[in-house]
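The sequence shown runs 32 to 176 under the numbering used here.
Here a beta-carbon is modelled for each residue, glycine too, at the ideal position from N, C-alpha and C.
Values in this document were obtained by computation on a predicted structure and should not be read as measured data.
For reference, the structure is listed below as structure tokens.
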Amino acid sequence: MTESKIVVGIDDSPASIAAMKWAAAEAELRGLDLELVNVWQLDPSLAAAGVVLPWADFEEDALNQATDLVAEHVGLTDANGKERTITIVQGTPGPVMVDASKNATMLVVGTQVNTGLRRVIHGSVSHYCLTHAECVVVAVPVVAG
């Protein structure tokens with residue numbers, strides 16, 4: 032069952048901010064809910080080193096940063112005063128975004144060029160979403176913001 036919402040992936044990159052702004056405008060235009068999803072990952076070397084990790088602190092920090100980001104760029108509510116949903120998920124960005132969009136009308140992601148080692152390690156979130164999501168996917172370039 033498709034919900035009347037747009038899901039957008041957010042972080043502090045220019046591409047993500049452009050996607051967030053586009054998704055917020057599109058959600059208001061269509062009268063849809065907006066869910067902003069922030070995916071966070073830990074440096075694998077911390078776990079490999081046997082460091083005890085305070086998961087709750089990481090999630091709280093991620094939520095605070097995401098809330099500040101949304102407030103700064105699109106606001107915590109839409110023009111009608113409806114609260115926007117901010118979701119924090121630990122995991123790999125592509126699969127998390129596809130999972131978050133399973134019942135959505137649309138998934139919005141930013142596009143940025145990763146080269147060299149960064150591309151090998153992180154891959155392309157937008158490409159993953161475009162090839163795996165079951166809903167419409169919009170890939171927003173930085174210039175659209």
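Proximity of residue i and residue j at Cβ, strictly below 8 Å
| i | j | result |
| --- | --- | --- |
| Ala-56 | Gly-141 | no |
| Ile-37 | Ala-50 | no |
| Val-120 | Leu-67 | no |
| Val-167 | Met-128 | no |
| Asn-69 | Ala-97 | yes |
| Glu-34 | Asn-134 | yes |
| Thr-118 | Ala-131 | yes |
Those residues which DSSP pairs with residue i across a bridge
| i | result |
| --- | --- |
| Ile-37 | Leu-65 and Met-137 |
| Ala-170 | Val-140 |
Given residue i as reference, the closest of the options once Cα atoms are compared
| i | options | result |
| --- | --- | --- |
| Ser-155 | Gly-40, Ile-117 and Glu-34 | Gly-40 |
| Gly-112 | Leu-63, Tyr-159, Asp-92 and Gln-96 | Leu-63 |
| Glu-90 | Leu-107, Val-105, Gly-106 and Trp-71 | Trp-71 |
| His-104 | Ser-44, His-158, Gln-143 and Gly-122 | Ser-44 |
| Glu-165 | Val-174, Val-171, Pro-126 and Gln-143 | Pro-126 |
| Leu-107 | Leu-65, Arg-61 and Gln-143 | Leu-65 |
| Leu-73 | Gln-143, Arg-61, Gly-122 and Val-169 | Gly-122 |
| Ala-93 | Asp-42, His-163 and Thr-162 | Asp-42 |
| Pro-177 | Ser-76, Glu-114 and Ser-157 | An answer regarding residue 177 cannot be provided, because it is not within the stretch 32 to 176 covered by the chain. |
Whole-Å CB distance - residue i paired with residue j, under 8 Å assumed
| i | j | result |
| --- | --- | --- |
| Ala-58 | Asp-109 | 7 Å |
| Val-173 | Val-139 | No, Val-173 and Val-139 are not in contact; Cβ-Cβ is about 14 Å, not under 8 Å. |
Which runs of the beta strand (DSSP E) fall wholly inside the stretch 62-138 and span at least 3 residues, in chain order? 64-71 and 116-121
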